[in-house]
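Counting the sequence shown from 1 gives a position; the numbering used here is that position plus 27.
Even glycine gets a Cβ: it sits at the ideal position worked out from N, Cα and C.
To start, the structure under review is shown below, and the notes come after it.
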Amino acid sequence: MRISLGAKQKLGFIDGTMKVLEIEFENYKVWQRCDYMVTELCLEIAERYGKCNGPMIYEIWRIITSISQENVSVSVYFTRLRQLWDELSTIEVLPPYTCGVAKIMDGLQNKQKVIQFLMRLNDAFEPMRNRVLMMDPLPSVSKAYSMVVKFEAKK
């Protein structure tokens with residue numbers, strides 16, 4: 028949405044940089060028309076995606092489970108995977124946890140991400156994959172990525 032509004036030079040209407048004009052201002056009608064357009068777009072997006080995220084979540088998970096390194100660098104592969112994780116986290120929001128459960132959930136999500144990242148690396152990374160998986164506890168996904176990139180640089 029931000030990209031679309033930025034391309035139409037309307038981003039200021041939602042990020043606060045475009046100030047509300049006084050009715051007496053000569054360009055008020057133009058400003059009001061743009062404001063209505065942005066409001067309509069926001070409402071349409073909220074209606075379209077705000078109620079049922081199931082299809083979107085499904086599609087992101089489908090891509091995550093099918094993505095692999097193929098013939099790109101580890102950096103390109105990881106960046107794509109990270110974008111998908113970030114996109115998923117914006118629509119699949121976990122409820123607030125107390126009593127240390129949040130830390131446990133974060134740890135579980137990190138393990139999943141490490142395994143997802145390692146699963147689809149090319150076979151040339153098998154030694155590094157095994158090395159990371161043998162670590163107890165598993166490193167953070169950022170640390171695992173760093174280790175794999177260093178291994179790639181040595182190849």
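Best match in the options for proximity to residue i [C-alpha to C-alpha]
i: Ile118; options: Gly81, Val159 and Tyr63; result: Gly81
i: Arg89; options: Pro166, Met162, Gln143 and Thr66; result: Gln143
i: Val141; options: Gln59, Ala151, Met155 and Val128; result: Met155
i: Gly134; options: Lys177, Phe178, Gln59 and Leu165; result: Leu165
i: Ile94; options: Val159, Gly127, Ile84 and Leu111; result: Leu111
i: Ile84; options: Leu115, Val99 and Arg107; result: Leu115
i: Ser100; options: Lys138, Val57 and Arg147; result: Arg147
i: Val168; options: Ser102, Thr66 and Gly127; result: Ser102
i: Ile87; options: Asp113, Asp62 and Arg60; result: Asp113
i: Phe178; options: Leu108, Phe152 and Leu68; result: Phe152
i: Asp163; options: Gln59, Leu108, Glu71 and Lys138; result: Lys138
Reduced DSSP category for residue i - H, G, I as helix; E, B as strand; rest coil
i: Asp62; result: helix
i: Lys182; result: coil
i: Leu48; result: Residue placement at Leu48 cannot be trusted, given a pLDDT of 49 that sits under 50; the coordinates are not used to answer.
6 angstroms CB neighbourhood of residue i in its chain, flanking five on each side removed
i: Met64; result: none
i: Tyr172; result: Phe105
Own chain, CB closer than 7 angstroms to residue i, minus 5 neighbours either side, in chain order
i: Asn149; result: Gln96
i: Val176; result: Val101 and Ser102
Contact set for residue i: own chain, Cβ-Cβ below 8 angstroms, skip 5 residues either direction
i: Met174; result: Met155, Arg158, Val159 and Pro166
i: Ala180; result: none
Item to complete: For the region 80-127, list the alpha helix (DSSP H) runs that are entirely contained and at least 4 residues long, ordered along the chain.
Response: Segments of the alpha helix (DSSP H) lying fully in the region 80-127: 81-93 and 101-118.
Fill in: Every unbroken alpha helix (DSSP H) inside the region 129-179 [4 residues or more]
With a minimum length of 4 residues, the continuous alpha helix (DSSP H) runs that stay inside the region 129-179 are 153-160.
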